[in-house]
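Just add 55 to wherever you are in the sequence shown, counting from 1, and you've got the working numbering.
Every residue, glycine too, gets a C-beta built ideally from N, C-alpha and C.
What follows is a set of notes on a single structure, which appears directly below.
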Amino acid sequence: GTARWDIVPAVVGGQRGLYGAAAAWSGVMSAVLPYEVNAPGDSPMKSRTSGTALIAALVQMVGMGVIGLAAAPVIAGFAVMALAGAWGWGWPFLAAGVLWGAGATWAGIAVGGRLLDSRGVRILTAIRSWPGHEEAR
56 GTARWDIVPA VVGGQRGLYG AAAAWSGVMS AVLPYEVNAP GDSPMKSRTS GTALIAALVQ
116 MVGMGVIGLA AAPVIAGFAV MALAGAWGWG WPFLAAGVLW GAGATWAGIA VGGRLLDSRG
176 VRILTAIRSW PGHEEAR
């Protein structure tokens with residue numbers, strides 16, 4: 056190890072901010088573009104793409120950019136601390152990263168929830184069209 060315990064609060068704060076932005080993106084995209092999964096009872100090792108692998112890969116690439124933008128203040132703050140060697144700001148940055156991540160997560164839940172409310176029937180119809188996901192009778 057590096058024995059650099061002085062940077063731990065800054066690293067954890069940065070990670071929390073990034074994680075919150077990623078959770079927000081996930082919450083929104085799960086309502087916008089659900090992707091096909093294995094049917095109940097299928098092996099979890101079974102591959103199921105149905106031609107959506109390219110779309111999923113593109114969404115993931117775009118998502119990395121969106122997450123980076125959503126977490127830009129956290130990333131910039133960490134970069135400034137790292138370049139200046141100002142690790143003494145790690146504890147305030149930890150608090151800021153946690154708050155930023157929590158706010159981003161809340162926003163993703165709020166927006167994703169509204170989208171799910173408005174698109175719920177279309178989402179369920181899409182899921183039922185996947186092989187093995189028909190409505191149980």
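Around the C-beta of residue 112, are 16 or more other C-beta atoms found within 10 angstroms, so that it is buried, or is it exposed? Looking up residue 112 in the sequence shown gives position 57. The residue is exposed, with fewer than 16 neighbouring Cβ atoms inside 10 Å.
Going along the chain, which residues of its own chain have a beta-carbon closer than 6 Å to the beta-carbon of residue 118, five neighbours each way excluded? Within the sequence shown, the letter at position 63 stands for residue 118. So the list reads 80, once near-sequence residues are dropped.
Give the secondary structure of residue 144 by DSSP, where H, G and I count as helix, E and B as strand, and everything else as coil. Your numbering for residue 144 matches position 89 in the sequence shown. It is helical.
Residue 68 and residue 148: beta carbons closer than 8 Å? Within the sequence shown, numbered from 1, the residue matching residue 68 stands at position 13. Within the sequence shown, numbered from 1, the residue matching residue 148 stands at position 93. Yes. Within cutoff.
Return yes when the Cβ of residue 170 is within less than 8 Å of the Cβ of residue 87, no when it is not. Locating residue 87 in the sequence shown gives position 32, counting from the first residue. Locating residue 170 in the sequence shown gives position 115, counting from the first residue. A distance below 8 Å separates the beta carbons of residue 87 and residue 170.
DSSP state of residue 97 mapped onto helix, strand, coil: The sequence position of residue 97 within the sequence shown is 42, counting from 1. Looking at residue 97 - three-state DSSP - the assignment turns out to be coil, as it is neither helix nor strand.
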